[in-house]
Amino acid sequence: MINLIMVTQSLEEKFRDIVSSWIRNVEENIIWITSMIKDAALTIGRASYSSMIIIGVIMWCMNIQKYHARRLIYGGIILALITELLA
193 MINLIMVTQS
203 LEEKFRDIVS
213 SWIRNVEENI
223 IWITSMIKDA
233 ALTIGRASYS
243 SMIIIGVIMW
253 CMNIQKYHAR
263 RLIYGGIILA
273 LITELLA
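Per the working numbering, the very first residue in the sequence shown carries number 193; after that it's consecutive.
Dropping the structure here:
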């Protein structure tokens, strides 16, 4: 009877170890995925605000649709602030 209890506890401990290791692995994978998504979003955001500001400055300097150029510059600056604050 004592051996049966020890085997049951051993099986229960093994089951708990397996489940806890599985949960740890899932947690690590979720952290890795969110980190990759954050890095990709930052890269896309930085490319977007850089190109918006550059195109806006070029358009403004060449007197091509100054209103739209100014809006591109303001939008790029706002996007830069938001992106870098969230980084």
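Heads up, the beta-carbon is just placed ideally off N, CA and C, and yes, glycines get one too.
For Met244, count neighbouring C-beta atoms within 10 Å of its own C-beta (all shown protein chains included) and say buried if the count is 16 or more, exposed if not.
buried
Taking the straight line between their C-alpha atoms, what separation do you get for Gln257 and Asn221?
48 Å
Rounded to whole angstroms, what's the CA-CA distance from Tyr259 to Tyr266? Just pull it up for me.
11 Å
Counting along the chain, where does the alpha helix (DSSP H) carrying Ala279 start and finish?
First-last for Ala279: undefined, no H or E at that position.
Does Ala239 pass the burial test, meaning 16 or more other C-beta atoms within 10 Å, or should it be called exposed?
exposed
Just to confirm before moving on: does the CB-CB distance between Met251 and Leu264 stay below 8 Å?
yes
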